[in-house]
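Residue numbers (UniProt numbering): 1 to 43.
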C-alpha cells in the first residue's frame, strides 16, 4: 500500500489506543469514586 495509507492506519491505531486508555481510566476512576462514596455513606 502507499505510505500515506500506512500513516493513516498508524494514526487511527494510535487514536484508538488513546481513546481506550482514556475510557478505561475514566471507568476505573468512577468505580473507585463510587466505592469510596459507598464506604463513606455506609459508615
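For each residue, glycine too, the CB sits at the ideal point set by N, CA and C.
The continuous alpha helix (DSSP H) containing residue 21 extends over residues 3 to 42.
Within the model, the alpha-carbon separation for residue 12 versus residue 36 is close to 36 Å. Residue 4 and residue 34 have their alpha carbons spaced roughly 45 Å apart.
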